[in-house]
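No gaps in the numbering here: position 216 of the sequence shown is 263 in the numbering used here, and each next residue is one more.
Worksheet for the structure shown next.
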Amino acid sequence: MNYVIAPPAVSAVPVDGTDSLFPVHRIYCVGRNYAEHAREMGHDPNREAPFFFSKPADAIVANGASIPYPMATRDLHHEIELVVAIGKGGANIAAARALDHVWGYAVGIDLTRRDLQGEAKKAGRPWDSGKGFDRAAPCTAIRPASVIGHPSTGRIWLAIDGTVKQDSDISKLIWSVPEIIEHLSGLWELQPGDLIYSGTPEGVGAIPRGARVTGGVDGVGEIAVRIG
Ligand code: MN
48 MNYVIAPPAV SAVPVDGTDS LFPVHRIYCV GRNYAEHARE MGHDPNREAP FFFSKPADAI
108 VANGASIPYP MATRDLHHEI ELVVAIGKGG ANIAAARALD HVWGYAVGID LTRRDLQGEA
168 KKAGRPWDSG KGFDRAAPCT AIRPASVIGH PSTGRIWLAI DGTVKQDSDI SKLIWSVPEI
228 IEHLSGLWEL QPGDLIYSGT PEGVGAIPRG ARVTGGVDGV GEIAVRIG
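This is how it looks when you write it as structure tokens:
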């Protein structure tokens with residue numbers, strides 16, 4: 048059988064230190080998963096069940112890229128996040144077994160058109176235009192868990208043109224990686240190739256046109272992209 052139009056390329060992220068690629072199936076994101084970020088967004092960081100949104104797999108942008116300033120926004124925000132790469136799928140995965148499903152980790156930026164997200168929130172509409180737009184998911188190469196283990200502590204930070212804007216520690220995740228996987232896999236059957244952006248700490252803000260955005264998670268990687 049032939050495709051009637053050219054099939055899309057497989058979205059993928061490099062594996063650190065190799066010439067291999069990790070194919071991306073879906074991109075899930077966790078909302079408000081650090082207390083100080085929940086507060087800065089005007090919410091009470093009580094431990095209500097985690098909630099999720101998603102980005103298209105082809106929103107991935109390679110580390111080091113220059114990203115055109117996204118269309119239809121005047122308030123592009125940065126959210127630095129630990130990214131979890133799922134290597135083994137499953138539904139209703141218990142937290143105690145969840146790390147068996149993790150292939151590796153990366154550092155990502157959950158780029159957000161905050162003005163469009165804000166309008167959607169106000170109108171009770173979906174977040175897709177604010178979160179799931181083209182090139183909204185810069186991501187570093189993945190470091191395998193077989194090499195770095197499963198990080199649960201370590202500095203997470205982001206800087207704009209060298210000035211640090213976000214500076215926290217992944218130990219402050221409200222929902223830990225195993226707990227995220229337990230909840231997420233109760234809503235979707237996870238598949239190999241799924242990525243999970245695990246949430247951002249406080250200090251989110253606008254990215255000026257032309258800015259160089261850098262960030263990292265200790266032991267996982269460092270990211271650098273230019274916007275505009
Ligand atoms: Mn986020």
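Backbone N, C-alpha and C define an ideal beta-carbon position, used for all residues, glycine too.
8 Å CB neighbourhood of residue i in its chain, flanking five on each side removed
i    : result
H90  : R79
G201 : D216, I217, S218, V264, D265, G266 and V267
A147 : It is worth fixing the name first, because residue 147 is Asp in this sequence and not Ala. Correct list, in chain order: K135.
Spatial distance of residue i from residue j (CA atoms)
i    : j    : result
P198 : V267 : 8 Å
P255 : K212 : 13 Å
K135 : I221 : 24 Å
K168 : W174 : 7 Å
P225 : S101 : 19 Å
A96  : C76  : 14 Å
R94  : A145 : 20 Å
R259 : I274 : 7 Å
A53  : W150 : 30 Å
E83  : V51  : 50 Å
Y116 : G171 : 26 Å
D214 : N49  : 50 Å
Residue i, buried or exposed, once every other Cβ within 10 Å from all chains shown has been counted against 16
i    : result
F98  : exposed
V251 : buried
G246 : buried
T187 : buried
L234 : exposed
G177 : buried
A104 : buried
G196 : exposed
V108 : buried
R86  : exposed
P185 : buried
Coil, strand or helix - residue i by DSSP
i    : result
K178 : helix
A253 : strand
H125 : strand
D147 : helix
K135 : coil
G263 : strand
G165 : helix
V194 : helix
R86  : helix
V224 : helix
E229 : helix
Sequence-distant residues of its chain with Cβ nearer than 7 Å to residue i (five each side left out)
i    : result
D162 : T120, R121 and D122
A141 : E229
Same chain, Cβ closer than 6 Å to residue i, neighbours up to 5 away in sequence not counted
i   : result
D63 : A188 and R190
S58 : V71, A104, D105 and I107
inquiry  = Counting beta carbon pairs with one atom in the segment 260-267 and one in the segment 192-206, are three or more of them shorter than 8 Å?
reply    = Yes: the two stretches touch, three or more of their Cβ pairs being nearer than 8 Å.
ask   = Would you call the segment 111-123 and the segment 206-221 in contact, with 3 or more CB pairs under 8 Å?
value = no
task = Say whether the segment 57-73 touches the segment 224-240, bearing in mind that this needs 3 or more beta-carbon pairs closer than 8 Å, one atom from each stretch.
result = Short answer: they touch.
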